[in-house]
Amino acid sequence: SNPGVVMRIPVDPTTSRRFTPPSTSFPCGKMGESSAAISTPPPGRTRPDARTVVDVLADHPGELVRTDSPNFICSVLPSHWRCNKTLPVAFKVVALGDIPDGTLVTVMAGNDENYAAELRNASAVMKNQVARFNDLRFVGRSGRGKSFTLTITVFTSPPQVATYHRAIKVTVDGPREPR
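Residue numbers (full-length UniProt numbering): 1 to 179.
Laid out in C-alpha cells, this is it:
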C-alpha cells in the first residue's frame with residue numbers, strides 16, 4: 001500500500017462504472033485515509049458526474065493532450081518552436097479532479113542536455129480546474145534534434161506532478177525551410 005505507486009488503468013468509455021483505486025481518485029485530504037472512502041463517493045460529487053479524460057479530450061479535439069498523470073491534461077505544444085517567442089496558443093493545464101481555486105501550478109522543462117531550461121512566465125494559478133499560463137516562453141534551447149520534457153507541478157497538499165514527454169523542440173531559428 002505504497003501511496004507513491006500509481007496504477008495505470010486504461011479508460012474504457014463503453015463501461016458506465018468502474019472501480020477506481022485510491023491512488024488515482026481525488027481525495028481532498030491525505031492519500032489513503034480510510035477504506036470507507038472508496039465505497040462511498042464524497043458528498044456532492046458522484047462518479048457519473050465526474051469528467052473523464054475521454055469526455056474532456058472529446059470537447060477539445062486536437063487542443064489537449066494526456067500527461068502521464070491520470071489527474072491532468074494540458075495544451076498541445078508545437079513540436080518545434082523558436083526560443084523566447086510567444087506560443088501560438090496559451091498553455092493550459094486542466095485538472096480532472098477537484099483542485100481548489102488559487103492553487104499554484106508551475107512548469108519546468110528539461111532533457112539530458114539541458115536539465116533545467118530557462119522559462120518565462122512559468123507559473124499560473126488554478127481557476128475552475130484550469131491553470132492558464134499567460135505568455136509562457138521557452139528561453140533555454142533543447143539542442144539539435146532534441147525535445148524537452150515538461151514537468152507540471154500542482155501545489156496541492158501533497159503536491160501532484162504530471163509529465164508531458166517530448167513536448168517541444170526549442171531552437172534559435174525555430175521551424176524553418178531546409179536550406
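Think of the CB as a built atom: it goes at the ideal place given N, C-alpha and C, for glycine as much as any other residue.
Rounded Cβ spacing between residue i and residue j (contact assumed at less than 8 Å)
i    : j    : result
R166 : T149 : 7 Å
D135 : N121 : 5 Å
C74  : R141 : Between R141 and C74 the Cβ distance is about 21 Å, and since that is not below 8 Å, they are no contact.
W81  : G145 : So it is not a contact: roughly 14 Å between Cβ atoms.
Given residue i as reference, the closest of the options once Cα atoms are compared
i    : options            : result
F155 : V76, V105 and D101 : V105
P70  : W81, K127 and V94  : V94
N128 : E63, P100 and R66  : P100
S79  : A90, K169 and E177 : K169
V172 : K85, L64 and P159  : K85
Beta carbon of residue i nearer than 8 Å to that of residue j
i    : j    : result
A162 : T103 : no
E113 : G143 : yes
Three-way DSSP call (helix, strand, coil) for residue i in this model
i           : result
G110        : strand
C83         : coil
Q129        : coil
L150        : strand
P41         : Only weak support exists for where P41 lies, its pLDDT of 44 falling under 50; the coordinates are left without a value.
T171        : strand
T103        : coil
D68         : coil
residue 187 : Outside the displayed span of the chain (1 to 179) sits residue 187, for which this structure offers no information.
T163        : strand
L119        : strand
V94         : strand
F138        : strand
S75         : strand
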